[in-house]
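First the structure, in the form of structure tokens, and then the observations on it.
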């Protein structure tokens, strides 16, 4: 094998140094804080604290909210991506620009505008009020939180699925039809399995930010129930308990690594026949 | 069936754009309320011209994003080349795993872990270091994997024989890199840089945890605003940004569509530029 | 993204980079001052108002011949301020915490002693505000504002029959999903403790527990826990009842004149917010000059007219134009802010929050966490989610079965 040049040999060095300094060491800090108390002595109490039913409930709730948000994103996003992919190429391009555009808007502003729409005297309720409908409680509900998650992360679901579907070989669909598949069968037996990798990356890109968000639940949930993200934020910014906060972060991290590896397992094997 | 699909698409877009519409509507509000609309006026757009904190922080964010994009592109491209040429499989894998951590990790964990590091270092040297430099470090850190991942595929597509040929023809390794490899991976580098730029511009969570007394980014400024009744000038600023991005995206689409529709001129252009390049070298 | 835009964006990026180098953090030559304050608590960044920060920059430059840059940022509770300050390396030069937090910061040696020679305007502070418990010998603090917590309600949404001048309005079932509670532990516990007639400064765990139960009882009828979000919610009529600080009521009233205000009979917290300099301050003298500037007539009146909080500064409260201005906002403004039959010293001793010892603080933090994480959402989400999970698991199982059958077939 040929010798590597000096450049090739050492080009990664700055990056490796950087990664150790600013990725690995900070993570060690989280582990350190997880297993120490305020005075710096070793303890398992932080983990015991977050093993209490209340905190487990928070984890459960966050996992459920983000699963629901992800599934809803998938249910809404998949048909949309499919529809976009079947448009004329020129229209396709414009529509994809339109899908991406809201992502360029700061997400705090996006969420705040949602709040203005949904509040008791907000635009929707004012509109309904014209027909004599009493203001509905839209904001500060779990539905509002999930809706905001779906709203904020929907483009992340649409884009990868669209990319995969638009690259799909149209002949495969024709072949399926020739071999006697009806439209529904073509969909479930050909299109869906082939777009599986897109679905998986979409799911990851929606699930991870949804499970760790803290502003969305703060703004849309009225802080009357907690998710992991805002609980962690509170430990660092308010309750002044770095140790429990770190323990929560560590568990969250592990939770995500586990779910990612499960997803990877199902997306790696033979094009996945999950459905 | 098709009609239903179209209605569905339109409905989705209506929901997707409702908040944007709210924002644009209220940016024209004649009073300083962001809740009730009283009439059209351009005053909030005019107020942007006179500056103020919103504009200052936006400029802060742009500078930060540009710097972090440039640095992470340089470091990340070098890293991609280095990692690509690594011989030992396990070192390569380990490096890639570590590189991917900020991408897989939720933002809040990345932000907190860096905050803990900075605070500890600050306490050790007994000085406040939270500020521009810590945010810059944090932004470079989370941008790096995206740069590396967009350069890597281009390196894989690269034909190693080309480099060999260049070396045989008398290029030094450095020349071979600059004249053969670099031009081939440039698209990857640029898309990585743009990715880094937009990520940094948009990031709130990590900045929120690593920011200090001396430096505010646009998103952290907005976060301090959305807690109280803020003025529609933020909407005006955001509307301008949105429109600017829209125009930019549409222009690029028109240009590329024209290139595709009339394949020949585009090709001609390309070869011309190639020729130009050759002349330049001579 | 297509190619042309790439180059366009790259070009743009470099243009921005080079055009804006002046924005980069300044060299050590220029003086900077980092001020950390409550939200909506200073007159600045509004073209129509006296901009205290800009004026200070001008004043400093003309007096001392050096240019200065003031970095101003905001927090929304004493607790979040503490979280930033406690490492002693926050980088802030001037902070404005409330009394009980000041006591805690002094206790933990996180504040610098002030040199009052640099703050001659301190003489204008009313004597009633000197030597208060948190700083008995006047070494660390200069009072900025004071005020009292009261209940704000929307007269169009609340039935006058329900208003009986007590804390009960905050627990009234009729206003389910229309009530706002403080989003910080001390103030929130305060509402419950005054309602129940408990001592807000007790170290007795059982008493705090009792207050916690009261808060958890209130939680299902709450709209949300808020700090400065209260402005939007109340001004827009999205919520009907909230407990907040008197000065902020006037701010809201200016926008929505259906809002009413009263001080609950059982008592409510009386607070003083004071300017201090945290440890690790880079330039203490400049900080003191800034504090002095904040007490000067124009700045103090501008702040008082912007925040609507009561001022302990005689240059402000004795100024007839100020009184006139305040009364033009709300006819009773001066009476609300500066009640006539009111001996501040006596009242303060009775109604202030005191600093709690470390153990009690930890316990209160934990109880507050219990309040925050206690459950109040419906069961439907869980049922829906369990259904979804069952479906997903079902698909995975089916997939595995199909997979096995198929591989058998291929073998």
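Residue numbers (our numbering), protein chains in the order written: chain C, 1 to 275; chain U, 276 to 557; chain V, 558 to 968. Cβ atoms here follow ideal geometry from the backbone N, Cα and C, with glycine treated the same way.
- Taking a contact as a CB-CB distance under 8 Å, the pair residue 136/C and residue 125/C counts as one, their CB atoms being some 6 Å apart.
- Sixteen is the threshold: since fewer than 16 other Cβ atoms of the shown chains lie within 10 Å of the Cβ of residue 967/V, the residue is exposed.
- Scanning 824/V, 620/V and 881/V for the CA closest to the CA of residue 750/V turns up 824/V.
- Nearest C-alpha to residue 533/U among 146/C, 198/C and 90/C: 90/C.
- The three-state reading of DSSP puts residue 802/V in strand, counting E and B together.
- If you look at residue 121/C, you'll find it isn't in any alpha helix (DSSP H); DSSP assigns it neither H nor E.
- Residues of chain V whose Cβ lies closer than 8 Å to the Cβ of residue 394/U are, in chain order, 644 and 646.
- Within its own chain, the residues whose Cβ lies closer than 6 Å to the Cβ of residue 601/V, once the five positions on either side in sequence are excluded, are 608, 609 and 610, listed in chain order.
- Contact residues of the segment 85–105 of chain C toward chain V are absent (C-beta to C-beta distance below 7 Å).
- With respect to the 8 Å criterion, residue 471/U and residue 421/U are classified as neighbours on the basis of their beta carbons.
- By the C-beta density criterion, residue 402/U is exposed, having fewer than 16 other C-beta atoms within 10 angstroms.
- Distance between residue 435/U and residue 453/U, taken at the CA atoms: about 14 Å.
- Here the segment 676–687 of chain V does not lie against the segment 654–662 of chain V, with fewer than 3 beta-carbon pairs under 8 Å apart.
- Counting only Cβ-Cβ distances below 8 Å, residue 528/U has contacts in chain C at 93, 94 and 97, in chain order.
- DSSP lists 827/V as the bridge partner or partners of residue 705/V.
- CA-to-CA, the gap between residue 76/C and residue 252/C works out to about 27 Å.
- When the beta-carbon positions are compared, residue 808/V and residue 818/V stay at least 8 Å from each other.
- Look at the segment 914–946 of chain V and you find no whole run of beta strand (DSSP E) that is 3 residues long or longer.
- The criterion of a C-beta distance shorter than 8 Å is satisfied by residue 332/U and residue 493/U.
- C-alpha of residue 357/U to C-alpha of residue 437/U: approximately 18 Å in a straight line.
- When Cβ pairs closer than 8 Å are counted between the two stretches, the segment 797–806 of chain V is seen to touch the segment 703–721 of chain V, the count reaching three or more.
- For residue 405/U, the C-beta contacts it makes with chain V under 7 Å involve 648, in order along the chain.
- Along the segment 927–958 of chain V, the positions whose C-beta sits under 9 Å from a C-beta of chain C are 927, 929, 930, 931, 932, 933, 934, 935, 937, 938, 939, 941, 942, 943, 945, 946, 948, 949, 952, 953, 955 and 956, read in chain order.
- In this structure residue 896/V is not in contact with residue 667/V, their Cβ atoms being roughly 33 Å apart against a cut-off of 8 Å.
- Under the 8 Å criterion on CB atoms, residue 511/U is classed as non-interfacial with respect to chain V.
- Residue contact check for residue 397/U against chain V: a CB pair falls below 8 Å.
- With respect to chain V, the C-beta atom of residue 355/U has no partner C-beta closer than 8 Å.
- The beta carbon of residue 634/V falls within 8 Å of a beta carbon belonging to chain C, placing the residue at that interface.
- Annotation: the continuous alpha helix (DSSP H) that includes residue 18/C extends over 13–19.
- By the CB criterion at 8 Å, residue 238/C and residue 655/V fall outside the cutoff.
- The closest CA to that of residue 312/U, considering only 409/U, 506/U, 491/U and 512/U, is found on 506/U.
- Nearest in C-alpha terms to residue 643/V, of all of 240/C, 15/C, 44/C and 146/C, is 240/C.
- Assignment of residue 223/C by DSSP, reduced to helix, strand and coil, places it in the coil class.
- Annotation: residue 58/C has no Cβ neighbours in chain U at a cutoff of 9 Å; minimum Cβ distance is about 14 Å.
- Residue 488/U has a beta carbon lying within less than 8 Å of a beta carbon in chain V.
- When the five nearest sequence neighbours on each side are left out, the beta carbons in the same chain lying within less than 8 Å of the beta carbon of residue 910/V are those of 655, 656, 657, 743, 747, 757, 758, 826 and 828, in order along the chain.
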